[in-house]
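The numbering used here applies: residue -6 is where the sequence shown begins, and numbers increase by one.
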Amino acid sequence: DMDDRIRVTLQDGVADVRVVRADKMNALDDAMFEALRQTGERLKTTPGVRAVVLSGEGRAFCAGLDTANFGKMASGERGGQRLLQGERTPGGANPPQHTVMVWRELPVPVIAAVHGVAYGGGFQLMLAADMRYMAADTKLSIMEINWGLVPDMGGMVLLRDLVRDDIARELTYTGRVFDGNEAQRIGLATRLSADPYAEALTLAREIAVRPPKAMRAAKRLLDLAAHGDAKDILLAESREQAALIGAPEQVEAVTARLQKRPPVFQDA
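1) Could you give the residue range of the beta strand (DSSP E) that holds residue 132?
2) For the stretch 153 to 216, list the beta strand (DSSP E) runs that are entirely contained and at least 3 residues long, ordered along the chain.
3) With a threshold of 6 angstroms on Cβ separation, who are the neighbours of residue 241 within its own chain once the five nearest residues in sequence on each side are excluded?
4) What three-state label does DSSP hand residue 151 in the structure shown?
5) Between which residues of its own chain and residue 335 is the CB-CB distance below 8 angstroms, once the five residues before and five after are set aside?
6) Measure how close the beta-carbons of residue 103 and residue 45 come, nearest whole angstrom, since I'm counting them as under 8 angstroms.
7) Report the rounded CA-to-CA distance for residue 130 versus residue 47, giving the unit in angstroms.
8) Roughly how many angstroms lie between the CA atoms of residue 106 and residue 193, to the nearest whole one?
9) Return the Cβ separation of residue 233 and residue 214 in integer angstroms, given the expectation that the two are a contact with Cβ distance under 8 angstroms.
10) What's the gap between the Cα of residue 92 and the Cα of residue 251?
11) Could you give the residue range of the alpha helix (DSSP H) that holds residue 226?
12) Is residue 57 closer than 9 angstroms to residue 3 when the C-beta atoms are compared?
13) Nearest CA to the CA of residue 99: which residue from 226, 84, 112?
14) Could you give the residue range of the beta strand (DSSP E) that holds residue 28?
15) Which partner residues of residue 49 appear in the DSSP bridge assignment?
16) Does residue 2 come out as helix, strand or coil in the three-state DSSP assignment?
17) Distance, Cα to Cα, residue 113 vs residue 29?
18) Who does residue 107 pair with in a DSSP beta bridge?
19) Specify the secondary structure class of residue 58 as computed by DSSP and reduced to three states.
20) Roughly how many angstroms lie between the CA atoms of residue 43 and residue 141, to the nearest whole one?
21) Out of 216, 221, 235, 195, state which residue places its alpha-carbon closest to the alpha-carbon of residue 6.
And the structure:
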């Protein structure tokens, strides 16, 4: 039912998630918001998923909010009070925020392959990935100020872990467009690539052959390490390691290395 917005293929542990509204540069309309949320939630529990690549088809990763929605805001047809109404997720997100934050909540590594443009909501969606492989000529912008708005899809939560406070402020206050080279210099691009999609898939396949339970434990620890108390992090390290040591997955990892053969792991 969502093939006109998102297509997912799962092969060898890698979920290849493609945003496919190419004629609109993968802009976010209501159907895209819903498709991103549903896809992310489904991948949380899909058997066999060990890594995810998130990319856009056509000329862009994601051009941000569909411009038709801005007209609805200006006319009063689409009021802001709806953002404060209704239930929020356990993590505190309303539905638009959940569109982005669900990708950070996935229990496996997520790599965004970014090209063309990543503006506004598309920029925030990119931030949710664990890593961002990016073309050097990608155009990026925290675009909201140009529409009389602020980033409100989790961008403030995600941006603070990647760039200095003054840089985040300058980009947010000006809404200026910058490229992948600058994104790498300031910490937004993990790696620049002539073909970010191909390199992201290569990385995902490399992750997918690693011990899946240990990989998920590593992601939990890194998520906690970003803002957790030192005592909580130290205890979590011990708990995660205690659960891994001597378990079948760790035994297979050790045995395979000693026998100089590829390991065979059961899905987490």
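Quick reminder that beta carbons are idealized off the backbone N, C-alpha and C, glycines included.
So, to answer that:
1) 132 to 134
2) none
3) none
4) helix
5) This structure leaves residue 335 out entirely; the chain is present only between -6 and 261.
6) 5 angstroms
7) 19 angstroms
8) 6 angstroms
9) 6 angstroms
10) 44 angstroms
11) 223 to 237
12) no
13) 84
14) No beta strand (DSSP E) holds residue 28; the alpha helix (DSSP H) holding it covers 23 to 38.
15) 12
16) strand
17) 16 angstroms
18) 127
19) strand
20) 40 angstroms
21) 195
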